[in-house]
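K.L.:
Input: one structure, supplied below.
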Amino acid sequence: MPHPTEPHLVRRDLHDGWRLRAAAGSVPEPIADALVPAAVPGCVHTDLLAAGLIPDPYLDDHEALLAWIGQVDWTYETSFDWRPDGHERHDLVFDGLDTVATVRLNGRVVRESANQHRSYRVDVRDGLVEGENTLEVAFRSPVRYANAQSLALGARPRPYPMPYEAIRKSACNFGWDWGIATYTSGIWRPVRLESWSVARLAEVRVVAMPDGDGGTVEVDLTIQRASDADASATDATAISAFVSVAVNGPGLGDGPLPATTGEIEGDRARVTLTLPKVERWWPVGHGEQPRYVVDVRLHGDAPDPLDATHRVVGFRTVRWDTEPDAAGTPFTLVVNDRPIFVKGVNWIPDDALPVRVDRARYERRLRQAVAANLNLIRVWGGGLYESDDFYDLCDELGLLTWQDFLFACAAYPEEEPLRSEIEAEAREQIVRLASHPSLVLLNGNNENLWGYEDWGWKAALDGATWGAWYYDELFPSLVAELAPQVPYTPGSPFSPAGPDGEARHPNDEAHGSMHLWEQWNRLDWTTYRDHRPRFVAEFGWQGPPAWSTLTRAISDDPLTPESPGMIVHQKAMEGNAKLTGGLVPHLRVPRDMETWHWAMQLNQADAVRFALEHFRASAPHTMGAVVWQLNDCWPVTSWAAIDGDERLKPLWHALRIAFAPRVVSVQPRDGGLGAVLGNDTDAPWSGDLVVRRLGFDGATLAEQSVPFHVPAHGTATVPIDGGVAQPRDASAELLSADAGTERGLWFFAEPRDSMLEPARLAVDALPIDGGTEVRVRAANLVRDLALLVDKLDPGASTEDGLVTLLPGETASFVVTHRRAIEPGAFADPRVLRTMNELVAR
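Numbering (our numbering), first residue to last: 2 to 842.
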């Protein structure tokens with residue numbers, strides 16, 4: 002055999018020259034006969050869009066217009082040149098196929114796939130020919146396949162018509178109560194040809210653990226041999242293979258990098274490297290995020306390594322405290338032995354065409370999360386295992402990640418072919434994700450345990466499988482085998498079993514994690530205060546997207562809350578009725594569209610802020626709240642804080658305020674009122690708390706001053722004197738509790754029942770580098786002042802918002818924008834919004 006020109010593994014991307022065609026199904030002209038240039042990675046929708054053959058599916062009612070795409074079989078094809086190079090093996094590697102595909106090389110079937118959530122490697126050394134090679138990937142209609150599998154496996158309960166539980170594909174790709182149904186197909190992640198000899202690294206698992214001032218790095222790896230011979234110690238000796246491990250990072254000095262080598266026994270090796278001093282990785286807000294690069298190399302006889310990879314790790318410990326206490330069972334995240342109050346959000350795919358989400362877009366979204374004072378992202382089980390870029394950025398930014406296995410709101414069959422596919426998928430994803438320091442939880446599913454108990458599934462299933470084996474047996478055993486350092490829970494919500502092993506209701510607020518959806522669905526948001534959960538993993542309130550996002554996506558004329566396009570872009574069952582029902586206890590329903598839009602955005606923000614202040618003030622009994630949801634995947638009325646065009650909604654400002662490092666809120670306590678101070682910093686917080694009862698005109702009616710001390714990462718409650726807390730006229734008075742620069746407010750009456758007057762504001766706009774500083778002075782009490790600057794420039798934004806001003810106070814807003822904006826435009830009442838104008842008298 003000729004020697005390879007390069008002894009190490011060689012990767013060649015196969016991303017060029019692809020073409021796409023409709024293979025079967027009802028296809029409109031001129032697409033039926035078209036051979037469309039295709040981008041790989043990519044999907045059918047983005048290729049048809051790029052070719053100008055379909056309209057934007059996110060506009061108006063184009064979702065229905067383009068539903069046919071999911072009913073069609075599509076074929077991708079390309080060709081590439083190949084010449085023998087002396088390597089023993091040539092593997093065709095797909096990092097992701099969406100979803101049901103047949104791969105042909107030079108006309109021969111080399112792979113069948115039916116799982117979007119895993120990769121595929123195919124030995125094609127016998128299928129390659131010298132010169133031109135043709136590669137074809139034929140996708141079956143995901144809609145028709147899912148329906149056929151539902152018949153074969155048996156129908157299962159779910160909240161939506163399409164049987165997404167019967168196919169290993171992102172559930173929300175079939176539509177959700179915030180999401181468009183796109184039914185994508187395509188080569189959605191990279192594809193390449195890997196050529197190698199002797200052996201390669203088939204699996205590498207790296208665990209970094211602190212130990213006192215130092216730490217250890219443990220590497221477990223599996224090799225694959227080019228010969229495919231049975232692995233044995235004799236084989237390992239014959240190829241003279243060994244592995245080397247080196248670590249580079251902060252505090253390791255300027256000398257040689259810590260390194261060691263290990264022998265391969267059979268097809269496996271374990272190497273442990275001890276480091277005398279390392280710096281610990283912390284969640285954002287609790288410390289720095291030092292990271293270390295672990296280089297792993299597989300060596301043979303040649304000078305160059307046969308294969309190499311690396312992992313970027315951080316040294317930290319993590320556990321969830323679920324030790325029963327007098328109040329039930331906590332669910333408290335502990336990192337480096339420090340309890341962490343979780344300030345979280347749920348994450349959905351950031352685009353309903355996920356191939357459009359690149360590293361830069363991930364970074365924009367995650368930096369917006371950090372700017373909102375968040376510290377945890379829960380990757381929801383109806384979406385995707387995100388790309389490596391997502392988790393790497395979370396590591397870098399200190400954003401903790403909670404990763405659901407991809408099961409959501411449905412009973413899932415445990416039979417083949419799903420059973421084996423799910424095991425392969427889980428193995429791959431656990432290994433891929435487990436070395437990330439940001440990963441603090443792997444979770445079996447979203448709401449399936451709850452659904453089995455409360456949603457009528459038991460009768461509907463009539464003894465059929467529903468997924469329990471995955472959550473209770475398969476996943477915990479795989480995590481124990483592959484990533485024992487990563488905590489696991491079987492579902493969200495989830496209540497740990499009692500001391501004698503007795504099962505509890507999964508959504509029991511006294512035990513474990515809880516989802517709170519009765520408020521949005523049926524109750525006033527003030528009833529959040531009726532609950533004292535140990536941890537809230539989901540809750541939220543709806544609101545429309547930014548005005549410029551809404552008007553870009555919907556061309557209704559006139560645009561009204563119930564106009565056709567608005568209804569298409571409102572996916573929640575009875576969504577608009579719930580918006581109105583949630584508003585009227587607090588504010589009147591506006592008559593004009595723009596004021597309706599503002600009122601619903603503001604009510605969303607106020608609902609979530611109200612809940613977060615209550616949950617945070619309940620610490621350490623409650624030790625976290627994960628808001629539904631951070632982001633949107635298209636322009637839609639939804640629970641998101643950042644809309645589908647990447648614009649901040651008022652909810653984002655509410656998150657930033659409620660999750661600030663130091664906060665003051667006024668809460669009911671012991672039959673009266675108390676000021677609760679939350680200090681989520683490393684330093685104690687001391688001073689004098691000044692509580693004033695004020696008239697809406699700013700006059701002080703009663704006052705008290707009390708010294709306070711809040712330990713680092715702690716909470717303290719200061720009782721408010723009854724004489725201060727008791728109003729003479731509830732409709733025209735408020736409490737202001739000030740601790741230095743932090744302020745908490747309490748209003749004795751709902752806004753609609755108050756004497757709040759129209760806002761009297763003076764506005765100054767000063768040019769600054771990159772935008773404008775807008776200063777707003779209030780002549781009277783002004784509640785929830787915000788600037789809807791996207792109305793002036795769709796690219797404008799501000800991170801300042803929802804400011805309440807007492808008479809005579811001034812607020813400053815830094816507005817970034819590229820387009821020139823006249824200074825006077827910031828005073829436009831369409832832009833300068835407050836709660837005041839929503840309290841019509």
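A virtual CB, placed ideally from N, CA and C, is assigned to each residue, including glycine.
The structure presented is a predicted model; accordingly, all values stated were derived computationally and were not measured.
1. Work out the CA separation of Arg-141 and Thr-135 for me, nearest whole Å.
2. So for Tyr-529, helix, strand or coil by DSSP?
3. Check for me: the beta strand (DSSP E) holding Thr-402 runs from which residue to which?
4. Rounding to the nearest angstrom, what Cα-Cα distance links Cys-410 and Pro-491 in this structure?
5. Are there 16 or more other CB atoms within 10 angstroms of the CB of His-654, so buried, or fewer, so exposed?
6. Exposed or buried, which one is Asn-249 when buried takes at least 16 other CB atoms within 10 Å?
7. Can you give me the Cβ contacts of Ala-750 inside the same chain, cut-off strictly under 8 Å, excluding the 5 residues immediately before and after it?
8. When you compare each of Pro-500, Arg-610 and Phe-95 to Thr-330 by their alpha carbons, which one comes out closest?
9. Around the Cβ of His-4, are there at least 16 other Cβ atoms within 10 angstroms (buried) or fewer (exposed)?
10. Quick test of the definition: if touching needs 3 or more C-beta pairs under 8 Å, does the region 272-291 touch the region 198-207?
11. Applying the criterion that 16 or more other CB atoms from any shown protein chain within 10 Å of the CB defines a buried residue, is Met-574 buried or exposed?
12. Note down, in chain order, each residue of its chain lying with its Cβ closer than 6 Å to the Cβ of Asp-509, except the 5 sequence neighbours on either side.
13. Pick out whichever of Asp-214, Gly-468, Val-220 and Tyr-77 has its Cα sitting closest to the Cα of Ala-167.
14. For Asn-347, which residues does DSSP report across the bridge?
15. Looking at the unbroken beta strand (DSSP E) that takes in Ile-224, where does it start and where does it end?
16. Round the Cβ separation of Asp-351 and Cys-634 to the nearest angstrom and send it over; I've been treating them as touching at under 8 Å.
17. Could you pull out every residue in the same chain whose Cβ sits closer than 7 Å to the Cβ of Ala-684, ignoring the five residues on either side in sequence?
18. Enumerated in chain order, which unbroken segments of the alpha helix (DSSP H) with a length of 4 residues or greater are wholly contained in the region 466-514?
19. Where does Leu-806 sit, in a helix, a strand or coil, going by DSSP?
20. Which value, in whole angstroms, describes the spacing of the CA atoms of Phe-827 and Leu-806?
21. Could you spell out the range, first to last residue, of the beta strand (DSSP E) harbouring Asp-82?
22. Judging by CA-CA distance, which residue of Glu-758, Pro-824, Arg-744 and Leu-736 is the nearest neighbour of Val-777?
23. Does the Cβ-Cβ distance between Leu-377 and Val-627 come in under 8 Å?
24. Output the distance between the C-alpha atoms of Gln-571 and Asp-61, rounded to the nearest integer angstrom.
25. What does DSSP give as the partner residues of His-88 in its beta bridges?
26. Determine whether the beta carbon atoms of Val-380 and Pro-42 lie at a separation below 8 Å.
27. According to DSSP, simplified to helix, strand and coil, what is Ala-234?
28. Do Arg-122 and Ala-425 have their beta-carbon atoms positioned less than 8 Å apart in this structure?
29. With H, G and I counted as helix, E and B as strand and the rest as coil, what does DSSP make of Val-356?
30. Who are the near neighbours of Gln-290 in its chain, counting only those whose CB is closer than 8 Å to its CB and skipping five residues on each side?
31. Taking Cβ positions, are Leu-299 and Asp-308 nearer each other than 8 Å?
32. Taking the straight line between their C-alpha atoms, what separation do you get for Leu-21 and Glu-137?
33. Between Val-783 and Leu-833, is the Cβ-Cβ spacing less than 8 Å?
34. Would Trp-403 pass as a contact of Val-346 if the rule is Cβ separation under 8 Å?
35. Alpha carbon to alpha carbon, how far is Thr-235 from Asp-681?
36. Can you grab the Cα-Cα spacing for the pair Ala-172 / Gly-382, in whole Å?
P.N.:
Reading from the atomic positions:
1. When rounded, the distance between both Cα atoms is 20 Å.
2. Helix at Tyr-529.
3. That run of the beta strand (DSSP E) goes 401-405.
4. Distance between Cys-410 and Pro-491, taken at the CA atoms: about 14 Å.
5. With 16 or more other Cβ atoms within 10 Å, it is buried.
6. Exposed: under 16 other Cβ atoms inside 10 Å.
7. When the five nearest sequence neighbours on each side are left out, the beta carbons in the same chain lying within less than 8 Å of the beta carbon of Ala-750 are those of Ala-731 and Ser-732, in order along the chain.
8. For the residues Pro-500, Arg-610 and Phe-95, the minimum Cα distance to Thr-330 belongs to Pro-500.
9. Low confidence applies to His-4: its pLDDT is 44, below 50, so where it sits in the model is not reliable, and the reading given next is rough at best. By the 10 Å Cβ count, His-4 comes out exposed.
10. Taking 8 Å as the limit for Cβ pairs, the verdict is that the region 198-207 does not touch the region 272-291.
11. Around the CB of Met-574, fewer than 16 other CB atoms lie within 10 Å, so the residue is classed as exposed.
12. Result list for Asp-509: Ser-496, in chain order.
13. Looking at Asp-214, Gly-468, Val-220 and Tyr-77, the one whose alpha-carbon comes closest to that of Ala-167 is Gly-468.
14. BP columns for Asn-347 point to Arg-379.
15. Segment 215-226, the beta strand (DSSP E) holding Ile-224.
16. With 8 Å as the limit, Asp-351 and Cys-634 qualify as a contact, their Cβ atoms being about 6 Å apart.
17. Closer than 7 Å at the Cβ level, and outside the excluded window around Ala-684, lie Ala-713.
18. Counting whole runs of 4 or more residues, the region 466-514 contains the alpha helix (DSSP H) stretches 476-483.
19. It is a strand residue.
20. When rounded, the distance between both Cα atoms is 18 Å.
21. It spans 74-83 - the beta strand (DSSP E) in which Asp-82 sits, taken as one unbroken run.
22. Here the closest residue by C-alpha is Pro-824.
23. Result yes, Cβ atoms of Leu-377 and Val-627 sit closer than 8 Å.
24. Roughly 11 Å between the two C-alpha positions.
25. His-88 pairs with nothing; no bridge assigned.
26. No. Outside cutoff.
27. Caution applies to Ala-234, whose pLDDT of 39 falls short of 50 and renders its modelled position unreliable; the model cannot decide the point.
28. Not a contact, by the Cβ cut-off of 8 Å.
29. Look at Val-356 here: in three-state DSSP terms it is helix.
30. So the list reads Trp-282, Trp-283, Gly-315, Asp-396, Glu-397, Leu-398, Gly-399 and Pro-438, once near-sequence residues are dropped.
31. By the CB criterion at 8 Å, Leu-299 and Asp-308 fall inside the cutoff.
32. Cα to Cα, the separation comes out at about 10 Å.
33. Not a contact, by the Cβ cut-off of 8 Å.
34. Going by C-beta atoms, Trp-403 is not nearer than 8 Å to Val-346.
35. Any reading at Thr-235 needs caution, since the residue's pLDDT is 43, under 50, leaving its predicted position unreliable; the model's value is listed next. Straight-line Cα distance between these residues: approximately 58 Å.
36. Rounded to the nearest angstrom, the two C-alpha atoms are 8 Å apart.
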